[in-house]
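Worksheet: the structure to be examined is printed underneath.
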Amino acid sequence: GAVVSQHPSRVICKSGTSVKIECRSLDFQATTMFWYRQFPKKSLMLMATSNEGSKATYEQGVEKDKFLINHASLTLSTLTVTSAHPEDSSFYICSARAGAWSVLAGGTDTQYFGPGTRLTVL
Amino acid sequence: EDQVTQSPEALRLQEGESSSLNCSYTVSGLRGLFWYRQDPGKGPEFLFTLYSAGEEKEKERLKATLTKKESFLHITAPKPEDSATYLCAVQAYSGNTPLVFGKGTRLSVIA
Chain G
297 GAVVSQHPSR VICKSGTSVK IECRSLDFQA TTMFWYRQFP KKSLMLMATS
347 NEGSKATYEQ GVEKDKFLIN HASLTLSTLT VTSAHPEDSS FYICSARAGA
397 WSVLAGGTDT QYFGPGTRLT VL
Chain C
3 EDQVTQSPEA LRLQEGESSS LNCSYTVSGL RGLFWYRQDP GKGPEFLFTL
53 YSAGEEKEKE RLKATLTKKE SFLHITAPKP EDSATYLCAV QAYSGNTPLV
103 FGKGTRLSVI A
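Taken in sequence, the protein lines are chains G and C. Residue numbering for the first sequence follows the working numbering, beginning at 297 and increasing consecutively. Residue numbering for the second sequence follows the working numbering, beginning at 3 and increasing consecutively.
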């Protein structure tokens, strides 16, 4: 099955520092990747949608200068939390969706999720 | 506005006690309905995609069905390892839209 990896799985940083989280689709090309945030016992909250080679589309209320997203290739997207503060502590999850070509090839456009990154800002 | 409502919020079953989880949806043209399983501290794990009313899919003790208004996830003779949060999501047919998720059903299976 399709595999999405995230790195790191856990990060602890000091307030004011920046943290980069990587999301990779390991065995398929993802034209679209999504970044979510999840609070304890709550559902997923979509932060932004990124398409390879273009600027990310952010959901209402998500600061694009705070959460920088780069989708540099068909298998890699990064989320950088700039000048992190304790309120940014959360569980961040990425997901990847294969392009339309996979549908035509008999595949699906299912969204596959990474294992998540636990960010703690002290 | 596309919406997904899951019920119940939480479900506690004895091992072997079959039951169903419900996912009601409203969407402007359904491209696909997705079921995921999420364990604490992990990302959602893909289970099923359903595309049209009447479609059914099975995997081990799980069976997903779809009508024009809702989907059911049937769990037959559950085991403690089936304990997790089950998430339902829909994708509309208009462009490369993100999934709209329900809040999930937290399932606990007691031995």
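Built from N, CA and C at the ideal position, the CB exists for glycine as well. Quantities reported herein were computed from a predicted structural model and do not represent experimental measurements.
**OP:** Could you name the residues of chain G that Phe36(C) contacts, counting a contact when the two beta carbons are closer than 8 Å?
**Re:** Neighbours of Phe36(C) across chain G, judged by C-beta separation under 8 Å: Thr406, Gln407.
**OP:** Grab the span of the beta strand (DSSP E) containing Leu64(C) for me, first residue to last.
**Re:** Start and end: 64-68.
Subject >> Of the residues Ala344(G), Lys337(G), Phe324(G), the one placed nearest Gln356(G), counting alpha carbons only >> reply: The candidate whose alpha carbon is nearest that of Gln356(G) is Ala344(G).
Original post:
At a CB-CB cut-off below 7 Å, which residues of chain G make contact with Lys101(C)?
Top reply: Looking at the sequence itself, residue 101(C) is Leu, so the reference to Lys does not match. Result: Gln407.
**OP:** Using 10 angstroms around the beta-carbon of Pro80(C), count the other beta-carbons present and answer buried if the total reaches 16, otherwise exposed.
**Re:** Here Pro80(C) is buried. Its C-beta has 16 or more other C-beta atoms within 10 Å.
Subject >> chain C contacts made by the region 322-334 of chain G, where a contact means CB separation under 7 Å >> reply: Within the region 322-334 of chain G, contact with chain C at the beta-carbon level (separation under 7 Å) is assigned to Thr328, Phe330.
**OP:** Under 7 Å between beta-carbons, which chain C residues line up against Thr374(G)? List them in chain order, please.
**Re:** Those do not exist, as Thr374(G) stays about 17 Å from chain C at its closest Cβ, beyond 7 Å.
Subject >> Within-7 Å CB hit, Ile389(G) to chain C >> reply: Chain C, which has a Cβ nearer than 7 Å to the Cβ of Ile389(G), makes this yes.
Original post:
Comparing alpha-carbon positions, which option in Ser369(G), Lys351(G), Ala368(G), Met341(G) lies nearest Asp361(G)?
Top reply: Put simply, of Ser369(G), Lys351(G), Ala368(G), Met341(G) the residue whose alpha carbon is nearest the alpha carbon of Asp361(G) is Lys351(G).
**OP:** Look up Glu3(C) in the DSSP assignment and say whether it is helix, strand or coil.
**Re:** DSSP places Glu3(C) in coil when its eight states are reduced to three.
Original post:
What are the boundary residues of the beta strand (DSSP E) that Tyr408(G) is part of?
Top reply: 407-409 is the extent of the beta strand (DSSP E) around Tyr408(G).
Subject >> Closest by C-alpha distance to Thr374(G), when choosing among Thr416(G), Lys338(G), Ser321(G), Val417(G) >> reply: With distances taken between Cα atoms, Thr374(G) lies closest to Ser321(G).
Original post:
Would you say Pro80(C) faces chain G, with C-beta separation under 7 Å as the test?
Top reply: With 7 Å as the cut-off, Pro80(C) does not count as an interface residue toward chain G.
Original post:
With DSSP run on the structure shown, which of helix, strand or coil describes Glu83(C)?
Top reply: If DSSP states are grouped into helix, strand and coil, Glu83(C) belongs with the helices.
**OP:** In the DSSP assignment, find the unbroken beta strand (DSSP E) run with Lys61(C) in it and report its ends.
**Re:** Per DSSP, Lys61(C) belongs to the beta strand (DSSP E) from 58-61.
Original post:
For Val29(C), which of Glu58(C), Gln93(C), Ser54(C), Pro46(C) has the nearest alpha-carbon?
Top reply: Cα-wise, what sits closest to Val29(C) is Gln93(C).
Original post:
Where does Glu427(G) sit, in a helix, a strand or coil, going by DSSP?
Top reply: Nothing about residue 427(G) can be reported from this structure: the residues present for chain G run from 297 to 418 only.
**OP:** Determine the chain C residues that contact Thr345(G) at a beta-carbon separation under 7 Å, and present them in chain order.
**Re:** By Cβ distance, chain C contributes Pro100.
**OP:** Sort Gln5(C), Gly34(C), Pro10(C) by Cα distance to Gln407(G) and report the nearest one.
**Re:** When C-alpha distances from Gln407(G) are compared across Gln5(C), Gly34(C), Pro10(C), the shortest belongs to Gly34(C).
**OP:** For Leu418(G), count neighbouring Cβ atoms within 10 angstroms of its own Cβ and tell me buried if that reaches 16, exposed if not.
**Re:** Within a 10 Å sphere around the beta-carbon of Leu418(G) sit fewer than 16 other beta-carbons, which makes this residue exposed.
Original post:
Leaving out the 5 sequence neighbours to the left and right, which residues in its chain are closer than 7 Å to Gln16(C) when beta-carbon positions are compared?
Top reply: Excluding sequence neighbours, Gln16(C) sits near Ile112.
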